[in-house]
Amino acid sequence: MNDSEALQTATVRIRNIGGIDERTVGLEPGVTVLTGRNATNRTSFLRALMGAFGSDAASLKGDADEGSVELELDGRTYTRVFSRENGGVTTDGTPYLRDTTTADRFAFLLGSNEARRAVVAERDLHDVIMAPVDTDAIEAEIERLQTRRTQVEQQLDSLDSLEDDRRSLEAKRDDLEAEIEDLEAKRDDLEAEIEAEDRTVEAQRENQAALDEVLSDLQSARSDLETVRFRLQSERESVESLREERSELQSELDSFEADEVDRGEVNERIGSIRSRIESLNSTISELQTIVQYTEDVLEGKADLVEDSLGAVGGGSVTDQLVSSETITCWTCGTEVDRDQIRGTTDRLREVRDEQREERAELRRELDELERSMRAAEQAQRDRRKLRDKLQRLEDELDRRTGQIDSLTDQREELAERVEALEADASDLRGQAEGDLIELHKELNEVEFTLDRTRDDLASVHDDLDALDDRFDEREELEREREQVTEELEDARTRIRSLTTAAVEAFNEEMETVLDLLGYDNIERVWLEQVERRVREGRRKVEKTQFELHIVRESDSGTVYEDSIDHLSESEREVVGLVFALAGYLVHEVYEEVPFMLLDSVEAIDAERIAALVDHFEQYPTFLVAALLPEDAQALDESYRRVTWGTDVAPAA
C-alpha cells in the first residue's frame, strides 16, 4: 500500500489559513513529524493540507480577506482559494479530490475526526464505516443486472422454444423431399404416356398446328392462373402477419406510461437544489471556521487568543486558559464556564453535520432528478420510433391491400381466359386428341406442383439455416448469463462484504496494536457484526450494527467484559484510531489519497505514540503527525521533522 517510491516530494504553500500568515513546507514520502508546542499552528497546517484535498476543515484567517493553500504533488498543482465576501467565505480552485467524505473520515485523523469520536461517543460504528458507500447506486446496479439477466434468459427460453420449430421444419423437409420424389416419378410416367399417345393419334391430326397453339396458350394461361393464385394467397398471409405486428406495436405503444415529468418544474428544482448546495457550502465553511477557532481556543492552540485577551501576570494566557475551569468569552468579554463553551461548540458541530447531511441528500436528489430527465427523454425517443415504425407498417398494409385487389382482378381475367381456351381446344380435338389434352393438362399440373414443392423445400432450408444462426448465439448468451449472474451476486454481497471486511480489519489491526502497545490489563478489543430489529418510522426492520467488545483481565487473572466508558483516555484514543484505520483499509483510501494525517494524540504516552506511528507508517505514502516535542523524541530518528514555533523560520 505504501508506494513511497512512486511519488516525489510534496510541497505545501499556505497563505492566511487558520492561524498561519504564510509558510511553505516540503514533505517527503514516509513519516513527517510536525513538532512544536500548543498554539504553534501545527493543527492549522494539517487543516490547510486537508483544504488542498477539498475538505471543509480549512478556514480563512480571521483578519484576512483572502487566503490560499497549494499542494504540488507528482508534477501537478492543486489549489484552494478562500475569499471573504458579503459577510461569508467562498472557496474556489482545483482541489485534489471532488468528494472528501471518505478521506475526512478515515485518512485525516485529527482530534475532531468522526471515526475517532464515534468510538468515544459510542455511536453506531456500522453507520460510520458504511457512510461512504453509495447504497442507492448499488441498488440501481442490482436492478439493471436483474433486468439484463431476465432479457438474456428470455432469449435463451426463446431459443429453447425454437427447438420444436426446428424439429417441425425437419419433418416438413423430409415430407417435401418424399413428395418431390413421388411427383418426379409421376411426371416421368405421364411423359411416357404422352409419347405413346402422340404416336397413336399422329395420323389423325388435321388441325395440329392450331391445336398445338391453343394447347400452348392453355398451358401458359393455367400456369399464370396458378401463379396469381399463389401470389394472392401469399399477399393475404403477409397482410394477416402485418396486422398482427401492427396490433403488437400498438399494444407496446399503449403500454408506455404517460410522460409525467414536468421538465420545466424539474429544471426549476434542479436549479433550486444547486443554489441550495452553494448556500450550504458557504454555511458549512462558516460553521467550520467557528468550530475550529473555538476548539483551538479551548485547546490553547490559537495565537489569536493572546492577541485578543492580553497577558495576565504569572504565566501566558494560553497556560491560564488550559488550566482554568472558566474562560473569558472572546465575543462579550464575560467569564463563562468552559463546559458551557464546549456545549455550544458541540451544538454548532451538530448543526454543521446536519448541513453536511442535507447537502449530501440534495446531491442524491439532484442525481435522481437528472436520471429521471434522461429516462423521460429516452422514453419519448422510444415512443417516436414506435410511431414511425407503426406508420411504415400502415403504409405497407395499404400497399399490399392494393396488390391483393389487383391480383384478384388478374385471377378473374385468367380464369375466363382458361375457360375460353379449353372450349377452343375441345372444338379442335378428336377423342384421342382429347385424351392427349387431358394428359398434357395433368402433366402441366404435376410440373407446376413440382415447382411449388421445390420452392417450399428451398424455403424450409432457408428457415433451418436461419435457426442454425440463432442457435449459434446460445453459447454467447449462456456466457453472458453466467457473467451477469456473477456481477449480480457481487453487487448483492458488496455491502455485506464491506461490513465483514471492516470487522475483520478492525479485529486484526486491534490485536496487532494491543500487542505492540502492551496494555497489560486489556485482554482483547473486538467488533462483532450483529443483526437487530430497530424502528424506522412506523415499522421495525432488520439492521446490521457493530457491537464493540472490551475484554479485561484482572490482577487475579479473571477475564471479564468491560465498556468503553471504563477505558482510560489513552485507551479510548487508541481504539478510535484503529477503527479509523480499519475504515482506511476497507475503503482502500490509500488508492485515492496518498496522505494520512495524525493529530491530538497527547493522551497517549510517547513510547506508544512511537509504536502507533511505526505501525501506521506502512499504509500511506505520506504520514504527517503533529506531536509535542517530548512525544516526538521517542520516534525513530530517521523520520523527518519540521519544527513549529513563532521563532522558527518557514521551512522550505
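Using my numbering, the letters of the sequence shown correspond one by one to residues 673 to 1324.
A virtual CB, placed ideally from N, CA and C, is assigned to each residue, including glycine.
By the criterion of a C-beta distance shorter than 7 Å, Leu1041 is surrounded in its chain by Val938, Arg941 and Ile942, once the five residues flanking it on both sides are discounted.
Judged by beta-carbon spacing, Arg714 lies beyond the 7 Å limit of Ala729, meaning their Cβ atoms are not closer than that value.
Restricting attention to beta strand (DSSP E) runs no shorter than 3 residues, the region 717-761 encloses them at 738-745 and 748-757, ordered along the chain. Just so you know, the alpha carbons of Val1023 and Gly747 end up roughly 39 Å apart. Annotated as proximal: Gly783 and Asp1271, with beta-carbon spacing under 7 Å. Straight across, the Cα-Cα distance linking Phe1267 with Pro1292 is about 6 Å. Taking C-beta separations shorter than 6 Å and ignoring five residues to either side along the sequence, the partners of Leu1257 in its chain run Ala1177, following chain order.
Within the model, the alpha-carbon separation for Glu867 versus Leu1129 is close to 30 Å. In the structure shown, Val805 adopts coil according to DSSP, grouped into three states.
A direct Cα-to-Cα measurement between Ser951 and Glu744 gives close to 30 Å. If you draw a 10 Å sphere on the C-beta of Ala882, you find fewer than 16 other C-beta atoms in it, and that means exposed.
The three-state reading of DSSP puts Thr1165 in helix, counting H, G and I together. Separation of Glu1180 and Glu1241 (C-alpha to C-alpha, rounded to the nearest whole angstrom) is 22 Å.
Between Val705 and the set Ala1297, Arg795 and Glu1309, the nearest pair of CA atoms involves Ala1297. Per the coordinates, the alpha-carbon of Leu1038 lies some 28 Å from the alpha-carbon of Glu1161.
Sequence-distant partners of Thr1006 (beyond 5 residues in either direction) whose C-beta falls short of 8 Å from its own C-beta, in its chain, are Thr1000. Cβ contact annotation for Ala1032 (same chain, cutoff 7 Å, sequence separation greater than five): none. Distance from the CA atom of Gly1074 to the CA atom of Arg908, rounded to whole angstroms, is 11 Å. Classified as buried, Lys733 has 16 or more neighbouring CB atoms from the shown chains inside 10 Å of its CB. Trp1198 is bridged by DSSP to His1221. DSSP places Val1273 in the coil class of the three-state scheme, outside both helix and strand. Secondary-structure assignment with DSSP links Met1268 through a beta bridge to Leu1295. Less than 7 Å separates the beta-carbon of Leu1149 from that of Val824. Counting along the chain, Val938 sits inside no beta strand (DSSP E); it lies in the alpha helix (DSSP H) bounded by residues Arg935 to Glu971. Its chain contains Arg1153, Val1156, Thr1157 and Leu1160 as the residues whose beta carbon lies nearer than 8 Å to that of Arg821, once the 5 sequence neighbours on both sides are disregarded; these appear in chain order. Of the residues Phe1143, Glu1119, Leu721 and Thr712, the one whose Cα lies closest to the Cα of Ile686 is Leu721. Going by DSSP, Arg685 is part of no alpha helix (DSSP H) but of the beta strand (DSSP E) stretching over Ala682 to Ile689.
Looking at Gly691, Pro701, Ile692 and Thr751, the one whose alpha-carbon comes closest to that of Gln1290 is Pro701. The residue among Glu849, Arg1028, Asp1011 and His1238 with its C-alpha nearest the C-alpha of Asp1123 is Glu849.
Here the alpha carbons of Arg1151 and Gln818 stand approximately 16 Å from one another. Shown here, Arg821 sits in a helix according to DSSP, grouped into three states. In the DSSP assignment, Val703 is bridged to Leu1295.
Beyond the five residues adjoining it in sequence on each side, Ile945 comes within less than 7 Å, by CB distance, of Leu1034, Glu1037 and Leu1038 in the same chain, given in chain order. Excluding residues up to 5 positions away in sequence, nothing lies with its Cβ nearer than 8 Å to the Cβ of Asp806 in the same chain. Remark: three or more beta-carbon pairs, one from each stretch, lie closer than 8 Å, so the region 1237-1251 and the region 787-796 are flagged as touching. Assignment of beta-bridge partners to Lys1212 by DSSP yields Arg1207.
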